[in-house]
Amino acid sequence: MGRLIRKASWWVWLGPGIVLAAVLCVVLWPSIQAQEPQPIYQGIEVQFDSDNYTISEGATLTITVTLTQSSSQPVAVQWTASGTESDGTYYQETGTLEFEAGETAKSVAILLEQDSCCQGTRRLIATLSNPNGAVLGTPSTARVNVLDDDVCPE
Ligand SMILES: [Ca+2]
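Residues in the sequence shown are numbered from 1 upward in steps of one, following the working numbering.
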């Protein structure tokens with residue numbers, strides 16, 4: 001008899017408990033969903049402001065990298081500029097740009113070697129990679145034309 005009563009009282013609590021849990025789920029579900037963390041980079045793209053730059057040798061090239069919208073979190077991206085020097089050696093310069101929260105533009109300054117050789121227009125390629133807090137937009141690759149300022153002998 002005592003055992004039967006204990007069993008009955010267990011059910012008495014379990015029934016309302018299930019109902020209460022179901023009600024709480026229905027009531028709280030929208031706020032639980034709203035709090036689900038979204039990727040911070042959703043919709044934020046990092047890219048060059050142009051896919052083609054032209055500059056004279058010996059000058060400083062400024063490449064601007066932009067975010068399509070500001071982020072509430074820091075954003076970082078690696079950049080690389082590479083090509084061939086006038087003496088034929090391979091050139092590569094690389095670095096990381098870090099955007100503070102709210103910043104949407106950063107610049108990279110690259111000094112282009114001055115020489116006295118006549119070599120015509122040289123080309124460098126600038127690329128963005130490994131974004132953190134954003135995704136790569138377009139353009140993430142840009143061509144850099146380095147104009148020769150030396151007069152070629154006849
Ligand atoms: Ca030159």
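Just so you know, even glycine gets a beta-carbon here, dropped at the ideal spot from N, CA and C. If you're wondering where the values come from, they're calculated on a predicted model, not measured in any experiment.
Are there 16 or more other CB atoms within 10 angstroms of the CB of residue i, so buried, or fewer, so exposed?
| i | result |
| --- | --- |
| residue 11 | exposed |
| residue 144 | buried |
| residue 44 | buried |
| residue 33 | exposed |
| residue 90 | exposed |
| residue 65 | buried |
| residue 19 | exposed |
| residue 114 | exposed |
| residue 75 | buried |
Where DSSP assigns a beta bridge to residue i, which residues make up the other side?
| i | result |
| --- | --- |
| residue 95 | 79 |
| residue 107 | 64 |
| residue 147 | 56 |
| residue 44 | Partner(s): none; residue 44 has no beta bridge. |
| residue 142 | 126 |
Who are the near neighbours of residue i in its chain, counting only those whose CB is closer than 7 Å to its CB and skipping five residues on each side?
| i | result |
| --- | --- |
| residue 148 | 57, 118, 119, 120 and 121 |
Excluding the 5 residues preceding and the 5 following residue i in the sequence, name in chain order all residues of the same chain whose CB lies nearer than 6 Å to its CB.
| i | result |
| --- | --- |
| residue 127 | 80 and 141 |
| residue 51 | 139 and 142 |
| residue 129 | 78 |
Below 8 Å CB to CB, which residues in the same chain sit around residue i once its five sequence neighbours on both sides are set aside?
| i | result |
| --- | --- |
| residue 155 | For the chain, the structure presents residues 1 to 154; residue 155 sits outside this window and is missing. |
| residue 69 | 43, 44 and 104 |
| residue 93 | 80, 81, 82 and 110 |
| residue 55 | 61, 112, 144, 145, 146 and 147 |
Beta carbon nearer than 7 Å to a non-hydrogen atom of ligand 1: Checking every Cβ against the heavy atoms of ligand 1 under 7 Å gives 57, 86, 115, 116, 117, 118, 119, 148, 149 and 150.
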